[in-house]
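A.B. asks:
Protein chains: 2
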Amino acid sequence: MNIERALQLLKEKGYKRTRQRERMLEIFTGQDHYIAAKAILKKIQEDFPSVSFDTIYRNLYLLTDEEILEATELEGEKHFRLACDTYGHHHHFICTDCGKTKSIAFCPMEQVNENLAEYEVENHKFEIYGKCPQCQV
Amino acid sequence: MNIERALQLLKEKGYKRTRQRERMLEIFTGQDHYIAAKAILKKIQEDFPSVSFDTIYRNLYLLTDEEILEATELEGEKHFRLACDTYGHHHHFICTDCGKTKSIAFCPMEQVNENLAEYEVENHKFEIYGKCPQCQV
DNA sequence: AAATAATTCATAATCATTACGATTTAAAAT
DNA sequence: ATTTTAAATCGTAATGATTATGAATTATTT
Chain A
9 MNIERALQLL KEKGYKRTRQ RERMLEIFTG QDHYIAAKAI LKKIQEDFPS
59 VSFDTIYRNL YLLTDEEILE ATELEGEKHF RLACDTYGHH HHFICTDCGK
109 TKSIAFCPME QVNENLAEYE VENHKFEIYG KCPQCQV
Chain B
9 MNIERALQLL KEKGYKRTRQ RERMLEIFTG QDHYIAAKAI LKKIQEDFPS
59 VSFDTIYRNL YLLTDEEILE ATELEGEKHF RLACDTYGHH HHFICTDCGK
109 TKSIAFCPME QVNENLAEYE VENHKFEIYG KCPQCQV
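Residue numbers (the working numbering), protein chains in the order written: chain A, 9 to 145; chain B, 9 to 145.
1. Which of the three DSSP states, helix, strand or coil, is assigned to R25 of chain B?
2. Going by DSSP in three states, A113 of chain A sits in which element: helix, strand or coil?
3. Out of B:E118, B:T37, B:E30 and B:N123, which one is the CA nearest neighbour of A91 of chain B?
4. Name the chain B residues whose beta carbon is nearer than 8 Å to that of Q144 of chain A?
5. Which value, in whole angstroms, describes the spacing of the CA atoms of C146 of chain A and S111 of chain B?
6. Entirely within the segment 43-123 of chain A and at least 4 residues each: give me those alpha helix (DSSP H) ranges in chain order.
7. Return the chain-ordered list of same chain residues with a C-beta closer than 6 Å to the C-beta of T63 of chain B, the five sequence neighbours on each side being excluded.
8. Is the beta carbon of I52 of chain B closer than 7 Å to that of R31 of chain B?
9. Apart from the five residues just before and just after T72 of chain B, which ones in its own chain have a Cβ nearer than 6 Å to its Cβ?
10. Short of 6 Å in beta carbon distance, which residues of its chain neighbour A14 of chain A, apart from the five on each side in sequence? Order them along the chain.
11. On the premise that E128 of chain A lies in contact with Q144 of chain B, defined as a C-beta separation below 8 Å, what is that separation, rounded to the nearest angstrom?
12. On the DSSP letters alone, give me the boundaries of the beta strand (DSSP E) that E130 of chain A sits inside.
13. Could you tell me which chain B residues have their CB closer than 9 Å to the CB of T37 of chain A, listed as they occur along the chain?
14. So, are the CB atoms of G107 of chain A and Y65 of chain A less than 7 Å apart?
15. Taking the alpha-carbon of I136 of chain B as reference, which of A:I35, A:N131 and A:L70 has the nearest alpha-carbon?
16. Measure the CB-CB distance between E74 of chain B and A44 of chain B and report whether it falls below 7 Å.
17. For the alpha helix (DSSP H) that contains A125 of chain A, what are its first and last residues?
18. Would G22 of chain A pass as an interface residue toward chain B - the criterion being a Cβ-Cβ separation below 7 Å?
19. Look at the alpha carbon of Q39 of chain A and the alpha carbon of H98 of chain A, and state the distance between them as a whole number of angstroms.
20. Report the rounded CA-to-CA distance for M9 of chain A versus D93 of chain A, giving the unit in angstroms.
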C-alpha cells in the first residue's frame, strides 16, 4: 500500500481528502512497524497541535475498514500499520520493543487437521513475538 | 488442572487459601470456556457481594502467573480459563459468542520455515475464531 | 491465644477508547 | 467565484476495563 493508492481508494469511496488523513498516511509510509494509536496521535500533533482523539481513532478505523491499514492488539493497545502487499494473506513476526514486523508467508490454517467440521470458522490469528535484531540486548 | 492440584500449588508457594480463591477455582472447574474478568466478578459476587475488583484481578493474574489459569485477550477484554492438561503445548479454537474452546494440537511454529535466525523469538499466538455448534444461527 | 504477614475491601485513579454537539472545511453545484 | 451541503474536525466529556492505595480483616505461624 502506498499513499497514492490509499488516497485514490478513499476518493472512490467518496471520502474527503483532509490534511490530517494525508499526514496519517505519511506517518505510516515506509514503515514496517506496528504503531500504537497513541503514538500516531503524538506524531500528528506535531503538525496539528489541536487534533483530537476522535479524529485519530475514527480515521484509524476507517482506514482499517478500507484495508489501507492492518490492525492488531498488543498489550491491550491497538496498533496499526500500512497493509502489506508483498504477497497475499500472511502473518507477522512482531518485535515487542519497537513493533517492527517481518512477514511470514506460511499460514497455519493450511495445516490444521483437527476436525472443525461442526465449527464455523470465521477468523484466525497467528503472530510471533520477540526482539528484532536492533532491539536485542 | 483441577481444584485440588491448584490449591496444592498455591500452598507450596506460600499463598493463603481464601474462600474467594476457592470460589474462583470452582467457577472455572469443568468449563472449557474462556470467561471475561468481568463475568468472574459477577459470579463471585453471588456468594461474596462485597468482593472488589482488586481481589478478582489480582487473583486472576496470580493464578495465571502460576500457570493454573490461561489468559487471552478477546475484543479488548482479558479472558481466562483453567490451564488445559489434555496434552502439552497447544492452541485453541475459540467461540466468539460464548468463549467455548476446542483444543488444536497442531502448533504452527513447527512449520515456519521463514528465516528468523536474527530474530529472538519469545512467544507466539495462534487462535482460530468462530462459532461453536451451539452458537451457530 | 497472640503475632505476622498476606489478603481483602472500599474507593479512587488511570488509561485507552468512544461519543457528542458545535464549528469548520473539502468538494460539488450553481 | 460563490454558495451549498455533507463530511470531517475540534473540544470536551463519558465510558469501560484495569490498576492502585490505605485501612481493615483473615489465614497461617509461633
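Quick reminder that beta carbons are idealized off the backbone N, C-alpha and C, glycines included.
C.D. replies: With the structure as the only source:
1. coil
2. Annotated three-state conformation of A113 of chain A is coil, per DSSP.
3. B:T37
4. Chain B residues near Q144 of chain A: E128.
5. Examination of residue 146 of chain A is not possible in this model, given that chain A is present from 9 through 145 alone.
6. 45-55 and 61-73
7. Q28
8. yes
9. A79
10. L33 and I76
11. 5 Å
12. E128 to K139
13. Correct list: empty, because the minimum Cβ distance to chain B is about 24 Å.
14. Contact flag unset, no.
15. A:N131
16. no
17. Per DSSP, A125 of chain A lies in no alpha helix (DSSP H) and is assigned neither H nor E.
18. No, G22 of chain A does not count as interfacial toward chain B.
19. 17 Å
20. 6 Å
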